[in-house]
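Okay, so here's the structure we're looking at.
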Amino acid sequence: MLLASLIAPIFASPLSFLKPDEILNNAGGLAIWVAAGIIFAECGLLIGFFLPGDSLLFVVGLFVGNGAIGMPIWATCLILFVAALAGNLVGYGIGHRAGPTLFQRENSRIFKQKYVDHTEEFFNRYGAVAIILGRFIAIVRTFIPVLAGATKMDFRRFALYSVIGAFIWTVGLTTLGYLIGNVPVIKNNLEYAIILIVIVSTAPIVIHRLKARRQSAS
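Take 189 as the starting number for the sequence shown in my numbering and just add one per residue.
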């Protein structure tokens, strides 16, 4: 029953899982726990890459600012930080246990091999720092912990970078929403603000994809 009550707000209406404000409104008093569950899933479970992370954190901060979520901003940030860090650690464990074979699977409606390829290139380019930078890139933040586990990255090093990345990401975006989310121009155009956040977080993947196509065509 508890699990159902946490999941239901995400799929309350068609495509509502892409609208963080709808998710939180549908969750009511469970809003912060639904948000924490989504952040956990997106940071460590391969099925969570399609969930709204950046925009959700921003809107959670906005909801705390306007009183819709009756919790201090510090407590909200703490819960979301723990969820993000726990997600990373679980993702690492999945990758470490399953190994590289986890990524050797055929494409499906949800899973695409290109997601793994993009993440692997990003990981190889930036090394351990990718765990921090990847927090701000949709899809990449879901696959990086699993990839780190599959490649047997030193756990203590991974955990350290995960703590730093989870803190900057959750506290930064949630506090930003708390501070400016209720500014009239943003509050009255929240849908556009969410779209902008989504565009910014997905832009690196799109740009990388376009570059790859251009190189393969030349």
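C-beta: ideal position from N, C-alpha, C; glycine also.
Contact the stretch 325 to 337 vs the stretch 225 to 241: 3+ CB pairs below 8 Å: As far as the Cβ criterion goes, the stretch 325 to 337 touches the stretch 225 to 241, which means the pair count is three or higher.
Can you tell me whether Ile325 is helix, strand or coil according to DSSP? Along the sequence shown, one-based indexing puts residue 325 at 137. Note: Ile325 maps to coil in three-state DSSP.
Does Thr289 come out as helix, strand or coil in the three-state DSSP assignment? One-based indexing of the sequence shown puts residue 289 at position 101. Helix, per DSSP.
So is Ala272 buried or exposed if we call it buried at 16+ other beta carbons inside 10 Å? Taking the first residue of the sequence shown as position 1, residue 272 is located at position 84. Ala272 should be labelled buried.
Hey, out of Phe346, Leu244, His284, whose CA is closest to Ala219's CA? Residue 219 sits at position 31 when you count from the first residue of the sequence shown. Across the set Phe346, Leu244, His284, the C-alpha of Leu244 shows the shortest separation from the C-alpha of Ala219.
Is the beta carbon of Ala286 less than 8 Å from the beta carbon of Ala338? Numbered from its first residue, the sequence shown carries residue 286 at position 98. Numbered from its first residue, the sequence shown carries residue 338 at position 150. The criterion of a C-beta distance shorter than 8 Å is satisfied by Ala286 and Ala338.
Is the stretch 259 to 267 touching the stretch 307 to 324, taking contact as three or more C-beta pairs under 8 Å? By the Cβ criterion, the stretch 259 to 267 is not in contact with the stretch 307 to 324, since fewer than three pairs of Cβ atoms, one from each stretch, lie closer than 8 Å.
Whole runs of the alpha helix (DSSP H) within the stretch 223 to 295, excluding any shorter than 4 residues: Runs found: 242 to 253, 261 to 286.
CB Tyr280 to CB Pro333, shorter than 8 Å? Here residue 280 corresponds to residue number 92 of the sequence shown, with the count starting at 1. Here residue 333 corresponds to residue number 145 of the sequence shown, with the count starting at 1. Yes.
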